[in-house]
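Just below is one structure, and these are the notes that go with it.
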Amino acid sequence: MDRDVSQRWANREDLALLTDFYQLTMMGGYWKTGRNDLQACFNYTFRELPPHNGFAITAGLEQLFDLIENLRFTEQDLDYLSRLGTFDDAFLEYLRDFRPTCNIEAVPEGTVIFPHEPILQLEGPLIEAQLLETAVLNALNYQTLIATKAARIRSACGSDNLVEFGLRRAHGPDGGLSGSRAAYIGGADSTSNMLAGKVFGIPVTGTHAHSWVMSFDNELDAFRAYASCYEDPTLLVDTYDTLTSGLPNAVTLFKELRDAGRSVRPAVRLDSGDLSRLSKAAFRMFAEAGFDDLLIVASNELDEDLIADLKRQGARINSWGVGTHLITSSDHPALGGVYKLVAVGENGGQWEPRIKLSSNLGKMTDPGRKRLVRYYDGHGRPLADLIRLYDEPADVIGPGQPAKPVPFAERHDLSFLRAVWDATRCEDLLEPVMQNGKRVTASPSLDDIRERARAQIASLPEEVRRLRNPEIYAVGLSPRLAAEKVRLVRQAPGVLATGPAEQPADV
């Protein structure tokens, strides 16, 4: 990785206005009403998985931390805000010296996550936490979505090579760059995006375009010229006719290279037509010419469903270039991540939980500062995740401990409990990552994040990893958190209380 370029990309100090207007008007209101010292706790969660997904992969945290550490209001920012005529000069002077001081706990990048879980928990002055809302959502929603899409495509590809080809269809330059990073976390082996290769150290790869072939008088001369330029050429064989021109000319070229003593693995790319039929024909033609290790790269509007279908048909493709449907997550182009206030407190005082109610139960929040605990069976497979209040005692599970069920309440029905059975281990997923606006641990490498994602996905039961109709993974609330949620709902204006708040019924 080019560290200088990476740091220049990361350490920008002109992104304070990468926010929504109402964040700044609320900041100005908090400042005017003297609420600067009110401490706030916000949670980042998402409400639902993309269709047919059993899980998501968290991504985007490192870019968020870079932004927070370097967040400053420049003189140009302050001049622009002043010209709007909305903000007091004294408030703008406050912004001149503004520096983040928040504390953050987060689920590490590359972790398997599920709806309604607190993936990031931010604590700090309300005025600061409010400003960071848009930045949190912008950083995490898109990259988590693309990493999740890449994981699905990776699953369909199996052990085949997967190349991310999406830059030309991405939503702008930053969408292309951050999308390439997220796709690599989710399981892509390489990218066509040269800037992503330079900034993040992602392996880069590619072939050539039809224009290369069309610029020559004939296809075979084009192939010969390309092979004279590069040691390991991959030839695009569908410029004219794949079966009668492209593949025969490619076979001729690679036979010539072999006869000349060049040790080159033959490689072709199919970008149109019936990919299954053409790949079988390509394999057969090269096998008859004495080549048994042909690399067949396929592209052309691929997604996980088409790849899985082609593999069921016995296609001989062993490398997949996926662009549009990956970089845009075309079947579900936005993740419904939200950032909600869950507790407030005076400096040094007690935290008071807060809840957002809604007639749409999926939009009702879970109150209070939290922990997220994952339980595993004896084979290392995740069994369930429990959302607990921050001050609840940790479960003691492990060797020498008596087996016991771990009760939890369903989010959509708090009136009864289920239980986690056969858990032999548990871990807290939220880890301290920032203190007073600064990182507290070294950032993991992108390859380490990618490997974490691979291991996390592999640990899931096959039923949760299905490409269609996956099993719903259990995520519940601890009995204490469920009782606190019931209490706050019953105290809310307009709610008719039916009795004292109490914990759900026993298992």
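The working numbering numbers the first residue of the sequence shown as 1202 and each following residue consecutively.
Using N, Cα and C, we set each Cβ at its ideal position, and we do this for glycine too.
Own chain residues within Cβ distance below 7 Å of residue i, not counting five before or after
| i | result |
| --- | --- |
| residue 1546 | 1240, 1552 and 1553 |
| residue 1296 | 1274 and 1279 |
| residue 1329 | 1301, 1302 and 1303 |
| residue 1193 | The requested residue 1193 does not occur in the structure, where the chain is confined to residues 1202 to 1708. |
| residue 1542 | 1241, 1243 and 1555 |
| residue 1638 | 1269, 1270, 1300, 1301, 1302 and 1303 |
| residue 1492 | 1455 and 1467 |
| residue 1292 | 1229 and 1232 |
Cβ-based burial, residue i [other Cβ within 10 Å; buried from 16]
| i | result |
| --- | --- |
| residue 1609 | buried |
| residue 1219 | exposed |
| residue 1358 | buried |
| residue 1369 | exposed |
| residue 1597 | exposed |
| residue 1580 | exposed |
| residue 1679 | buried |
| residue 1228 | buried |
| residue 1208 | Low confidence applies here, because residue 1208 scores a pLDDT of 49, under 50, leaving its location unreliable; read the following figure in that light. Looking at its Cβ environment, which holds fewer than 16 other Cβ atoms inside 10 Å, residue 1208 is exposed. |
| residue 1431 | exposed |
| residue 1564 | exposed |
| residue 1594 | exposed |
| residue 1342 | buried |
| residue 1635 | buried |
Distance, residue j Cα to residue i Cα
| i | j | result |
| --- | --- | --- |
| residue 1454 | residue 1439 | 15 Å |
| residue 1226 | residue 1288 | 8 Å |
| residue 1318 | residue 1232 | 31 Å |
| residue 1625 | residue 1677 | 18 Å |
| residue 1242 | residue 1309 | 19 Å |
| residue 1436 | residue 1428 | 9 Å |
| residue 1424 | residue 1413 | 9 Å |
| residue 1718 | residue 1299 | This structure gives no information on residue 1718, because the portion of the chain shown stretches from 1202 to 1708. |
| residue 1445 | residue 1583 | 52 Å |
| residue 1650 | residue 1568 | 30 Å |
| residue 1478 | residue 1645 | 43 Å |
| residue 1237 | residue 1294 | 14 Å |
| residue 1391 | residue 1376 | 17 Å |
| residue 1511 | residue 1476 | 8 Å |
| residue 1402 | residue 1339 | 23 Å |
| residue 1277 | residue 1234 | 26 Å |
| residue 1461 | residue 1433 | 14 Å |
| residue 1264 | residue 1489 | 51 Å |
Sub-7 Å separation of residue i and residue j beta-carbons
| i | j | result |
| --- | --- | --- |
| residue 1536 | residue 1345 | yes |
| residue 1266 | residue 1640 | yes |
| residue 1630 | residue 1573 | yes |
| residue 1332 | residue 1305 | no |
| residue 1496 | residue 1468 | yes |
| residue 1664 | residue 1672 | yes |
| residue 1522 | residue 1405 | no |
| residue 1606 | residue 1620 | yes |
| residue 1657 | residue 1312 | yes |
| residue 1307 | residue 1321 | yes |
| residue 1217 | residue 1262 | no |
| residue 1348 | residue 1386 | yes |
Span of the alpha helix (DSSP H), counted from its first residue to its last, around residue i
| i | result |
| --- | --- |
| residue 1614 | From DSSP, residue 1614 is part of no alpha helix (DSSP H) but of the beta strand (DSSP E) over 1614-1621. |
| residue 1450 | 1448-1460 |
| residue 1354 | 1327-1358 |
| residue 1481 | 1476-1489 |
| residue 1233 | 1222-1233 |
| residue 1295 | 1290-1297 |
| residue 1692 | 1680-1692 |
| residue 1399 | 1395-1401 |
| residue 1750 | Because residue 1750 is not part of the residues shown, which for the chain are 1202 to 1708, the question remains open. |
| residue 1270 | 1262-1270 |
| residue 1624 | No alpha helix (DSSP H) contains residue 1624, which DSSP labels as neither H nor E. |
| residue 1508 | 1505-1513 |
First through last residue of the beta strand (DSSP E) which encompasses residue i
| i | result |
| --- | --- |
| residue 1608 | 1607-1611 |
| residue 1303 | No beta strand (DSSP E) contains residue 1303, which DSSP labels as neither H nor E. |
| residue 1245 | 1240-1247 |
| residue 1586 | 1583-1590 |
| residue 1219 | First-last for residue 1219: undefined, no H or E at that position. |
| residue 1542 | 1538-1546 |
| residue 1413 | Residue 1413 -> not in any beta strand (DSSP E); alpha helix (DSSP H) instead, spanning 1411-1415. |
| residue 1516 | No beta strand (DSSP E) holds residue 1516; DSSP gives it neither H nor E. |
Own chain residues within Cβ distance below 8 Å of residue i, not counting five before or after
| i | result |
| --- | --- |
| residue 1473 | 1439, 1443 and 1501 |
| residue 1204 | Caution is warranted here: a pLDDT of 49 is assigned to residue 1204, below 50, making its placement in the model unreliable, and no coordinate value can be reported. |
| residue 1525 | 1367, 1370, 1502 and 1531 |
| residue 1516 | 1476, 1477, 1480, 1481 and 1499 |
| residue 1668 | 1253, 1353, 1356, 1357, 1505, 1506 and 1509 |
| residue 1420 | 1414, 1440, 1441, 1446, 1447 and 1450 |
Same chain only: Cβ atoms within 6 Å of residue i, ignoring 5 sequence neighbours per side
| i | result |
| --- | --- |
| residue 1486 | 1448 and 1452 |
| residue 1470 | 1408, 1435, 1437 and 1498 |
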